[in-house]
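Going by full-length UniProt numbering, 141 is the number at position 141 of the sequence shown; the sequence numbering is gapless. Only one structure is covered here, and it is reproduced in the block below.
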Amino acid sequence: MKTNSEKDILKYLFLIGIFIGPLFFWPWSAISFEIPKVFFMNRWIEIFAFASVTYLIFIRIQKEKVDSMLISLVLIFFLQVITSSLLGVDFNKSLSGNYYRADGLITLAHLVILFLSVVLFYRENWLVSTFKILAYSSILLSLWTIINAVFAFIIHKPLMPAWDKAVGINFGNPNFLAGYLIVSLPFTLYFYNKEPKIKHKQLILISLAVQFTAILLTRSWAGIFGILIFLLMNVVMKTSKNLLLTLTIILAFMGCLGLFILNHKSIQTPGITIAEGRERIIKKAILAFQKRLLFGWGWANFDYAFESVDWPVKYEDDIYVDKAHSHFLEILITTGIPGLVLYILIVLKTGFNLIIKSDGILKYLFISLVLFVLHSQTNIISISEEILFWLIVGVSAKDISKTSNAVL
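This is the structure we're talking about:
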């Protein structure tokens, strides 16, 4: 009965459109005849098409064993982002994103579509192939990084421009490259742990060493911390199957490390404020957040928030900062408190889904999720790293068994 009533809604939506379309008239338009009619018909077609696709998606969801709560959280978060952008300071910029990143609503919509596609159509037997492709991709990127470093710093004929003696290859910013390589480390680790042959195991170990070397060549502090966290998680998870205990130890380690670094920097440079330093970015972001608590400044509008306040003094010729260099902070500033709460709930629900099925291949996705969350709080992230996050969220929403024993 429910399906029939939903079909009736589509039926009436269709009939209303073809009834009103010929009658539609908007005399206040600059061209009051054909243009308003075209506008109405285009919007009606879009609404009808969206409703039809939504109907098909929910029919599909009813046939799949999926986490409806996680799906709802993602859709509500996306709705909050749209609302924040409509009420923000520059909707056009929210739509297209920053000039150098194209990280606007259009891109976010594609990421949400990716999530829904994974939920609806991704199959359990794709997982090992996915891991294999991601491992190969990361290893090739790592080799490319090392080769570029050799040409740039030894032969002095760089194949691609270096970024202040750091290698970023096709990612441009070395922090982008470091983030992707860190988050993809667990995919290579999976095959190392599953491989029964010693020679093959040694080859995979060399591949991991190549990835570590590439991360170090990015000269990213977050990359170095990522390697330490990755190794620590691997050791703890081998001695304990309790992922919650593992996560607690990792977070405690990160907290102590963060306090040490902050204290070390304050001793090194007392009373000195760096224009593009983290302290100034965070302080200005918090002051800007206090002006727009509920809906934020709008998606991809962090630059407006940064420019809206002066701290510690007014700079006549200030730097341009378009990202918060912390993913949670970025979401808080651009979408407000509800947006951050929803995003954190998405992360927690994803982690919980992976924890309760953590005996097999999914525990490596959990490691990747933790590495993403930790790295994304330390610097800006690339679209490649963000795609991995939404892939993990999508897989976690599916009913996937605990075990998998494929080898490379």
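All C-beta atoms, glycine included, are put in the ideal place defined by N, C-alpha and C. A quick note: this is a predicted structure, and the numbers were derived from the prediction, not measured.
Grab the span of the alpha helix (DSSP H) containing residue i for me, first residue to last.
| i | result |
| --- | --- |
| W221 | 221-239 |
| E330 | 327-355 |
| E385 | 383-396 |
| M69 | 68-86 |
| A149 | 127-153 |
| N175 | 174-183 |
| D303 | 302-307 |
| L203 | 198-217 |
| N98 | Note, N98: premise wrong, no alpha helix (DSSP H); not H, not E. |
| I113 | 105-121 |
| S29 | No alpha helix (DSSP H) holds S29; DSSP gives it neither H nor E. |
| K363 | 362-376 |
Can you grab the Cα-Cα spacing for the pair residue i / residue j, in whole Å?
| i | j | result |
| --- | --- | --- |
| N42 | A109 | 20 Å |
| T54 | I47 | 10 Å |
| W28 | N175 | 52 Å |
| S368 | G226 | 10 Å |
| K398 | L114 | 14 Å |
| L342 | T107 | 19 Å |
| L10 | N379 | 45 Å |
| K93 | K323 | 13 Å |
| Q80 | W299 | 10 Å |
| I35 | W26 | 9 Å |
| D90 | V74 | 23 Å |
| I57 | L120 | 8 Å |
| V393 | R123 | 14 Å |
| S68 | L95 | 27 Å |
| N353 | K65 | 13 Å |
| F221 | P161 | It should be pointed out that residue 221 corresponds to Trp in this sequence rather than to Phe. Distance between the alpha carbons of W221 and P161 is about 20 Å. |
| V150 | A209 | 16 Å |
| Y100 | F40 | 35 Å |
| I133 | N301 | 35 Å |
| S184 | E307 | 35 Å |
Excluding the five sequence neighbours on either side, which residues of its own chain have a C-beta within less than 6 Å of the C-beta of residue i, listed in chain order?
| i | result |
| --- | --- |
| A305 | A288, W297, I333 |
| F295 | S84, L87, G336 |
Pull up the CB-CB distance for residue i and residue j, whole angstroms please, since I reckon it's below 8 Å.
| i | j | result |
| --- | --- | --- |
| L105 | S85 | 6 Å |
| A166 | P158 | That pair is no contact at about 12 Å. |
| T213 | S138 | Actually they do not touch by this definition, with Cβ atoms about 12 Å apart. |
| L231 | G223 | Rounded, the Cβ-Cβ distance is 13 Å, inconsistent with contact. |
| S142 | Q211 | 5 Å |
| G179 | E385 | 5 Å |
| Y192 | L205 | 6 Å |
| V118 | L293 | Between L293 and V118 the Cβ distance is about 33 Å, and since that is not below 8 Å, they are no contact. |
| I383 | H325 | Their Cβ separation, rounded to whole angstroms, is 17 Å, which puts I383 and H325 out of contact at 8 Å. |
| E51 | L13 | First, the amino acid is wrong: residue 51 is Ala here, not Glu. Yes, A51 and L13 are in contact; Cβ-Cβ is about 6 Å, under 8 Å. |
| F24 | K37 | 5 Å |
Within 7 Å of any Cβ in chain C, is that where the Cβ of residue i sits?
| i | result |
| --- | --- |
| I71 | The structure shown contains no chain C; it holds only a single protein chain. |
Got a sec? Which residues, its chain only, sit under 7 Å from residue i by beta carbon, not counting five neighbours each side?
| i | result |
| --- | --- |
| G17 | W44, F48 |
| F328 | L340, Q377 |
Suppose the cutoff is 8 Å on Cβ atoms and the five residues either side in sequence are ignored; what does the same chain contact list for residue i look like?
| i | result |
| --- | --- |
| I387 | L111, L114 |
| I146 | V210, T213, A214, L217 |
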